[in-house]
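One structure is given here, and the rest of the page talks about it.
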Amino acid sequence: MQQQFLATAQGLARGEKGHIRVGLAGAVSLLPMIPLTVRRFREVWPDVTIYLEESNTPALRKSLHDRAIDIAIVRPPVPDGAGLLVSPLLEEETVVALPKGHPLAIHRHLELEMLVDEPFIIFPRELGPGFHDAILSACHNAGFTPRMGQQAPQIASTVPLVAAGLGVSVVPRSLHQIHSGGVTYHSLGAKAPRAELAIAMRAGQHVPLLANFISTLRACCRDMNDSAISIAPVTGEEETA
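Residue numbers (full-length UniProt numbering): 1 to 241.
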């Protein structure tokens, strides 16, 4: 019994045993790097249990402070992030989501200024101020202020509202997996905003288990970027001259 206890304690100290509670900001779970990271991590450390919790960045910040989760993948900046260590992870491309049959859907590629007369569906700023502001700033740089349509309760919720014909949206590219039957997705030009992601954890944490997970996560991000297989090409129905 003592030998088993010692082995368990040593495994915990090396980051080979235990559990990790990972928080994911809105739509992050759709990124292929998440299941890839969990799979690779479990292959090396099978005695570690990983729990995933999806929420929004402000709620994840609170969960970190309350010690309800150990680490989070968030959309920076993190409001009132005192006591947290936040480090960049990646920047995801964005695409335009249009209702199927929309007149602009014949174009595979769109410029933001082509959406000047369209109602924009966007999530509340407090759920992701960095991404929210990046969308508005990109529109302003394209020469217009977007006409706001219905507000979506979450980032991923924008797509069903687009499918219902209530407007258009600029979304992280990974959302192309949602409602593909009612929505078409179109690449954007150089003025496209970027959807930034970061790793957040409590400052002063020096836990081998978390270090192993972060190392695996970053390696998966690099591998997927290098292989260019993270997300399938996004196109409209047909390109016009």
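All residues carry an ideal CB built from backbone N, CA and C; glycine is no exception.
How far does the beta strand (DSSP E) with residue i in it extend, from its first residue to its last?
i, result
"alanine 200", "195-202"
"alanine 72", "71-74"
State the beta-bridge partners of residue i as determined by DSSP.
i, result
"proline 58", "None, per the DSSP bridge assignment."
"histidine 186", "Val96"
"threonine 49", "His19"
"glutamate 91", "Glu196"
"arginine 147", "Pro119"
"proline 172", "Thr94"
"histidine 65", "Paired residues: none, contrary to the question."
"arginine 110", "Before going further, note that residue 110 is leucine rather than arginine in the sequence given. Answer is Leu188."
"valine 86", "Ala200"
"leucine 210", "For leucine 210, which the question treats as bridged, DSSP gives no partner whatsoever."
Please work out which residues of its chain come closer than 6 Å, Cβ to Cβ, to residue i, disregarding the five sequence neighbours upstream and downstream, and give them in chain order.
i, result
"alanine 228", "Low per-residue confidence applies at alanine 228: pLDDT is 42, beneath 50, and the placement is therefore not dependable, though the value from the model is reported in the following sentence. Excluding residues within five positions, none has a Cβ falling inside 6 Å."
"serine 169", "Ala97, Ile121, Thr158 and Val162"
"glutamate 239", "Confidence is the limiting factor: at glutamate 239 the pLDDT is only 44, short of 50, which leaves the residue's position unreliable and the question unanswerable from this model."
"arginine 75", "Ala25, Thr57, Gly128, Gly130 and Phe131"
"threonine 49", "His19"
"tyrosine 51", "Arg21"
"glutamate 54", "Leu24 and Ser29"
What first and last residue would you give for the alpha helix (DSSP H) that runs through residue i?
i, result
"glycine 130", "129-141"
"isoleucine 34", "33-44"
"valine 159", "158-163"
Closer than 7 Å by C-beta to residue i: which residues in its own chain qualify, once you throw out the five before and the five after it? Chain order, please.
i, result
"proline 124", "Gln151"
"methionine 114", "Leu104"
"alanine 198", "Val74, Pro76, Val86, Ser87, Pro88 and Leu89"
"leucine 110", "Val96, Leu104, His186 and Leu188"
Which residues in the same chain have their Cβ closer than 8 Å to the Cβ of residue i, if we skip the five residues on either side of it in sequence?
i, result
"leucine 84", "Arg61, Leu64, His65, Val78, Ala200, Met201, Arg202 and Ala203"
"methionine 148", "Pro119, Phe120 and Ile122"
Mind checking whether the beta-carbon of residue i lies closer than 7 Å to any heavy atom of the ligand MN?
i, result
"alanine 105", "The model on display carries no ligand, and the ligand MN is accordingly not part of it."
Does the structure place the segment 32-39 close enough to the segment 211-220 that three or more beta carbon pairs sit under 8 Å?
yes
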